[in-house]
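Oh and the sequence shown: position 110 is 109 in numbering that gives the first Met the number 0, straight run, nothing missing.
Ideal Cβ placement from N, Cα and C applies to all residues, glycine included.
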Amino acid sequence: MCGRFSLTAEEQRLNKFFNLAGGKSPYIPRYNGAPTQTMAVITDQHPAKLQFFRWGLIPSWSKEIPRSMPLINARAEGIDEKPAFREVFKSKRCLVPADGFYEWIRQGKKIPLRFTMLDDSLFAMAGLWDTWQGKNGEEVNSFTIITTAPNELMAPIHNRMPVILDKDGSEAWLKPADETTLKSLLKPFPSEKMKSYRVSEKVNAIKNEGPDLIVPVREIDLFS
0 MCGRFSLTAE
10 EQRLNKFFNL
20 AGGKSPYIPR
30 YNGAPTQTMA
40 VITDQHPAKL
50 QFFRWGLIPS
60 WSKEIPRSMP
70 LINARAEGID
80 EKPAFREVFK
90 SKRCLVPADG
100 FYEWIRQGKK
110 IPLRFTMLDD
120 SLFAMAGLWD
130 TWQGKNGEEV
140 NSFTIITTAP
150 NELMAPIHNR
160 MPVILDKDGS
170 EAWLKPADET
180 TLKSLLKPFP
190 SEKMKSYRVS
200 EKVNAIKNEG
210 PDLIVPVREI
220 DLFS
């Protein structure tokens, strides 16, 4: 799964990387983005604009906002068949900008690792979004991150990883396409283009934020 990620780039760099129009926005760098928090997305309806949605998909047909177990991830396998995802898979897709995501191993305690691109560049995770409207007219835009089987880097740590899209894949994901074409994008990202390193255990608590969370800690043999 993907349950925590970071987006720490300056907005100007973010706009340039994703070809966004820019302008005023409430964007702030996030070092420890967590479920139910508001995070930046780029939708198929507004591909040149940064928007801010709640992490954890609330299907438009939901009677209420779920208080527990939000749909933070959607498995790529069967995504076009599951009630919560099949319609938005066809018409409400998004990119979730990031520069790293976290996963944990256990050695008596939870040890956090940060996964990034080999060159520390920005990247896009494939997502789905929806708009829920309450009885009082309240609207909530929300999203989920799609996961797939792990690559060689992730496999020793977890049996899932987020779908990471390259430039061409990102463009294709936001354009109208048949389901076969879309599903072909939902595959593990090449491990040789990624790296991982240990970070502070402060990441374990979602209340913690700040640049110190992404600083590498002393290297150790995590599997000895």
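Of the candidates ASP211, VAL216 and ILE205, the residue whose Cα lies closest to the Cα of GLY32 is ILE205. Judged by pairs of C-beta atoms under 8 Å, the segment 0-19 does not touch the segment 183-196, as fewer than three such pairs exist.
For ASN203, there is no enclosing beta strand (DSSP E), as DSSP marks it with neither H nor E. Going by C-alpha positions, GLY107 is about 16 Å away from SER199. Residues ARG197, VAL198 and SER199 of the same chain have their beta carbon placed closer than 7 Å to that of VAL216, with the five preceding and five following residues left out of the count.
Taking 9 Å as the cut-off, the Cβ atoms of ALA123 and LEU94 count as close. Between GLY168 and ILE144, the C-beta spacing is not below 9 Å. For LYS109, DSSP records a beta bridge to ARG105. Residue pairing for VAL40: DSSP places it in a beta bridge opposite GLN50. In this structure, MET38 sits near PHE51, with a CB-CB distance shorter than 9 Å. Of the residues ARG12, ASP43, GLY22 and LEU13, the one whose Cα lies closest to the Cα of ALA176 is ASP43. A straight line joining the alpha-carbon of PRO58 with that of PRO96 spans about 22 Å.
With contacts defined as CB atoms closer than 9 Å, TYR30 and LEU173 fail to qualify as a contacting pair. Excluding sequence positions up to five before and after GLN36, its CB lies within less than 7 Å of the CB of TRP54, all in the same chain and listed in chain order. Per DSSP, PHE88 is one residue of the alpha helix (DSSP H) stretching across 85-90.
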